[in-house]
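Presented below is the structure to which this report refers.
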Amino acid sequence: GVIRREDYTPPDWQVPEIALDFALDAAATRVRATLQVVRSSAHDQPLVLDGGGQTPLSVIVDGVAINDWRLEGGALIVPLSGAAHVVETEVEIAPERNTQLMGLYASGGNLCTQCEAEGFRRITFFPDRPDVLSVYTVRLAADKARYPVLLANGDPIAAGDLPDGRHWAEWRDPFPKPSYLFALVAGDLVANRATFTTMSGRDVALGIWVRAADLPKTEHALAALQTSMAWDERVYGREYDLDVFNIVAVDDFNFGAMENKGLNIFNSRYILADADTATDYDFDAIAAVVAHEYFHNWSGNRITCRDWFQLSLKEGFTVFRDQGFSADQGSAAVKRIEDVRGLRAAQFPEDAGPLAHPIRPDEYQEISNFYTATIYNKGAEVIRMIATILGPERFRAGTDLYFDRFDGTAATCEDFVASMEAGSGVDLSQFRLWYAQAGTPRVTASLHHDTGSDRATLTVSQRTPPTPGQPSKQPMVLPLKLKLFGAQTAQTLAPEQLVLLDQPTEHIVFEGVGERPILSINRGFSAPVVIETDRSAADLAFLSAHDDDPFARYEAMQQLMLDTLVESAANGTADHQAVIAAIAGTLDNAALDPAFIAEAVLLPSDAFVGDQMARVDPEAIFRAREALRADVGQRLAGRWRAAYDAAQVDRFEYTPAAKGLRRLKTVALGYIAASGVDDAAGLAFAQFEGADNMTDRQGALATLVAGESPERVAALDIFYNRYGDNALVLDKWFQVQALSSRADTLATVEELARHRDFTLANPNRARALIGAFSANQRAFHAADGAGYRFVADQLIALDKLNPQTAAKMIPPLGRWRRFDEARAALMRQELERIVATPGLSKDMFEQASKSLAG
Ligand code: ARG
Ligand code: ZN
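Per the numbering used here, the sequence shown starts with residue 30, numbered consecutively.
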């Protein structure tokens with residue numbers, strides 16, 4: 030069925046207190062729940078407790094076993110006469126058979142939970158909705174040898190031994206929380222411990238819990254946690270509130286991590302790192318996710334969501350917060366470029382396709398399908414626009430008011446916006462459209478200079494394309510940062526200004542413009558829109574060399590590259606000169622940060638080039654990009670060698686400067702390989718062999734894997750033999766092959782799907798092969814449809830184990846409208862086959878059926 034936002038009603042019953050008693054066992058866990066239930070208003074509705082398919086072993090009301098309960102669509106209906114009762118239920122569940130990884134499940138011999146969004150009902154009967162807040166007391170009992178560590182939310186209260194080699198622990202979380210934040214872990218784990226003293230002087234015991242062998246890989250995550258805690262105090266005035274903060278890493282996890290109160294549970298890929306096994310990208314992602322989950326303690330836990338339509342209230346805001354944190358740890362400019370690149374790769378296509386939805390959706394079938402780039406990343410951009418419009422002081426006044434007003438409650442996006450208005454005095458009425466309208470606004474900007482009057486007029490128009498269910502759109506509030514440069518003098522003709530567009534078309538007039546102006550627009554990517562301008566290649570080249578906003582400078586370069594690649598894909602050839610000159614100028618500019626240079630000289634991805642075309646032609650795009658890469662590689666051969674040599678770092682160090690050099694080094698290596706010089710494979714292989722860190726090693730491997738050299742096979746074998754027992758590194762081995770641009774990638778990937786180390790049961794492994802392959806535009810879109818068929822086969826198989834993870838990989842098949850008729854028909858055929866599969870999950874059904882219709 031479809032759940033609609035407009036149908037929200039408050040819960041009939043509240044549950045101020047819950048006591049849970051777990052007799053843990055991988056095969057059969059007994060869960061006894063004691064709920065204090067209170068009727069919310071004068072109604073005569075029974076108590077309805079969500080369940081995940083289990084049958085209660087007993088139902089006891091106020092101490093007396095009852096029989097007049099019934100099950101309806103998985104929910105337990107308990108007739109109750111009074112205003113307050115104590116309701117006890119008992120169920121038995123089987124964690125080791127839980128392949129969905131929702132609820133209580135087994136991972137690597139340990140037991141753990143994942144409840145967001147609706148996993149708690151698979152553990153016990155409960156009103157499993159985020160506006161029911163309870164104080165939890167949790168007792169865990171388990172075999173002491175197998176599960177020496179017993180963790181739950183909140184603070185530890187008591188522990189002891191039991192007969193038969195069992196033991197127990199009790200935890201209490203004094204902060205009322207929704208069921209999706211419940212967590213427990215039982216396992217054979219050790220902790221990397223530290224303390225953090227909060228700004229008011231509270232000592233917090235921190236622990237990062239992992240298998241003993243992984244302990245040396247937890248230093249980075251622990252340091253990131255301490256840095257995050259201090260950052261949230263300094264930047265948002267938010268202090269931690271319990272005596273303990275634990276993080277547990279598990280290998281089998283459906284997504285990145287989970288912010289359970291006082292007991293975050295992480296996909297181990299976002300905790301474990303050392304120089305030999307993790308790339309700089311991994312190190313950065315670990316710090317970002319640790320910060321993200323920690324920041325949820327306020328934006329998510331202290332203030333939670335009233336209903337799941339408000340998901341972006343916590344996710345968009347928390348992503349914005351983690352982006353700010355990461356920007357403060359290194360180069361803010363490079364961080365912004367990475368975030369925008371990610372938005373364009375994941376969110377823009379979503380907004381332009383059949384699954385487009387506003388950051389506050391109006392309806393869903395399966396909420397798991399709405400943990401999207403739109404809710405998270407566009408949601409973060411919307412908060413960023415509010416911050417831009419308000420400015421730092423008023424933004425902080427707004428967030429202070431929000432935290433103050435809604436602490437301890439389940440709030441809405443509207444509550445957030447209203448707080449920002451009240452705290453700042455700024456009217457955000459029209460801005461609210463960002464919560465309601467899906468689709469990426471398209472802005473056209475054209476600058477006209479009148480030499481007689483020294484006046485320049487910028488005409489800006491906006492249009493948001495139709496999206497499913499939203500045929501026509503209203504104009505949005507767009508905060509655009511603008512600046513004008515003089516084409517001759519390179520002087521500033523008009524200093525940076527922030528304009529707020531809110532009309533379909535507007536004119537912005539600049540006086541005293543005495544020479545031909547060049548427009549720098551959407552500086553810092555101040556609005557998440559597509560900008561179309563009539564700027565010439567020469568003007569873009571100018572900006573790529575002179576703009577003082579690093580993002581705008583990067584953007585000018587990207588636009589030059591995109592224009593060249595689109596023309597080349599359409600006509601089979603294009604003039605590469607402007608791109609080559611701009612790259613040369615960037616490499617030669619000693620004032621630029623190597624990390625920035627590495628980003629700026631990178632060609633846009635095949636997929637992003639495709640997004641610029643009316644019809645995506647994967648082979649033409651691939652050829653155009655290869656030709657440009659080869660030409661840039663050859664024409665700037667000396668510079669790439671020099672950049673490569675200059676970027677050598679003596680010894681691994683995880684610092685922004687060393688990271689930048691490593692990045693530039695591998696980008697240079699890629700161009701050297703693209704140039705086709707004889708010793709390129711030798712150079713890559715030497716980097717591969719000589720590396721003292723995974724960034725250099727993986728970068729070299731990716732370069733080799735794209736080519737035809739004998740070193741390619743050797744490197745893959747060496748890598749496999751060296752890291753075959755490390756699951757996270759083995760994921761890289763699968764992924765690098767699935768992303769290869771070689772013509773035989775599909776055959777390789779089909780073989781890898783039969784490899785003894787491949788399993789669909791582990792989400793990281795499934796994503797490393799299937800997810801990566803479907804992001805490989807050339808291979809996935811092979812003209813005969815074999816790539817589509819392979820992915821559909823895998824997703825149908827995965828759906829039987831883990832619907833949530835399978836459904837997340839549907840979107841690439843849903844992009845059929847963007848391709849030629851033959852490919853579109855083949856893609857639809859696979860979607861139809863998926864929809865017709867007997868026993869299909871509702872996760873997959875929603876994604877695949879909407880993809881066919883939209
Ligand atoms: N709240 C978690 C986070 O953003 C992610 C939970 C994802 N849940 C899901 N059903 N996909 O950190
Ligand atoms: Zn989150």
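Cβ atoms here follow ideal geometry from the backbone N, Cα and C, with glycine treated the same way.
Note on ALA709: 16 or more other CB atoms within 10 angstroms of its CB, so buried under the neighbour-count rule. For GLN833, the uninterrupted alpha helix (DSSP H) run begins and ends at 832-836, by DSSP. Annotation: the continuous beta strand (DSSP E) that includes HIS536 extends over 534-539. A buried status is given to PRO832, since no fewer than 16 other beta-carbon atoms sit within 10 Å of its beta-carbon. Taking the Cβ of TYR400 as the reference point, at least one heavy atom of the ligand ARG falls within a distance shorter than 6 Å.
For a cut-off of 8 Å, the C-beta gap from VAL678 to LEU690 is around 5 Å, short enough to register as a contact. Residue ranges of uninterrupted alpha helix (DSSP H) with 4 or more members, entirely inside the region 357-426 and ordered along the chain, are 361-371, 377-380, 408-419.
VAL528 and ALA687 have their C-alpha atoms some 38 Å from each other. Secondary structure at PRO647: helix, using DSSP grouped into helix, strand and coil.
With a threshold of 6 Å, the Cβ atom of THR347 counts as near the ligand ZN, since some heavy atom of the ligand is closer than that. For GLU367, the Cβ stays outside the 6 Å cut-off from all heavy atoms of the ligand ZN. By the neighbour-count definition (other C-beta atoms within 10 Å, threshold 16), LEU86 is an exposed residue. In the three-state scheme derived from DSSP, where H, G and I count as helix and E and B as strand, ILE560 is classed as strand. Relative to the ligand ZN, GLU561 has its C-beta separated by 6 Å or more from all heavy atoms. Secondary structure within the region 830-874: not one fully enclosed beta strand (DSSP E) run of 3 or more consecutive residues is present. A heavy atom of the ligand ZN is found nearer than 6 Å to the CB of GLU344. The residues HIS114, VAL115, in chain order, have a CB closer than 6 Å to that of ASP91 in the same chain once the five nearest residues on each side in sequence are set aside.
Taking a cut-off of 8 Å on C-beta distances, the region 297-306 touches the region 751-763, as three or more cross pairs fall below it. The beta strand (DSSP E) runs lying completely inside the region 797-826 and spanning 3 residues or more number zero. Taking all protein chains in view, the Cβ of ASN750 is surrounded by fewer than 16 other Cβ atoms within 10 Å, so the residue is classified as exposed. About 5 Å separates the beta carbon of ARG168 from that of ASP50, a gap short enough to meet the 8 Å contact definition.
Within the same chain, and ignoring the five residues on either side of ALA519 in sequence, the residues whose Cβ sits closer than 6 Å to its Cβ are HIS575. By the C-beta criterion, the region 371-385 is judged not to be in contact with the region 320-330, since fewer than 3 inter-stretch pairs fall below 8 Å.
Rounded to the nearest whole angstrom, the CA to CA distance from ASP261 to PHE155 is 33 Å. By alpha-carbon distance to ALA467, the top candidate from TYR673, SER501, LEU140 is SER501. When C-alpha distances from ALA426 are compared across TRP463, ASP577, VAL264, the shortest belongs to VAL264.
For ALA171, the CB contacts under 6 Å within the same chain, skipping 5 residues up- and downstream, are LEU53, ALA215 in chain order. If you ignore the 5 residues before and after PRO533, its C-beta comes within less than 7 Å of the C-beta of SER490, GLN491, PRO504, all in its own chain and listed in chain order. In the DSSP annotation of this structure, the continuous segment of the beta strand (DSSP E) that includes TRP200 starts and ends at 195-206.
Per DSSP, ASP760 is one residue of the alpha helix (DSSP H) stretching across 756-767.
Here the distance from the Cβ of MET449 to the nearest heavy atom of the ligand ARG is not below 6 Å. For PRO685, the enclosing alpha helix (DSSP H) covers residues 685-703.
Counting along the chain, no alpha helix (DSSP H) covers GLY266, and no H or E run does either. Here THR128 is not near LEU855, since their CB atoms are 7 Å or more apart. With a contact defined as Cβ atoms closer than 8 Å, ALA653 and LEU594 qualify at about 5 Å.
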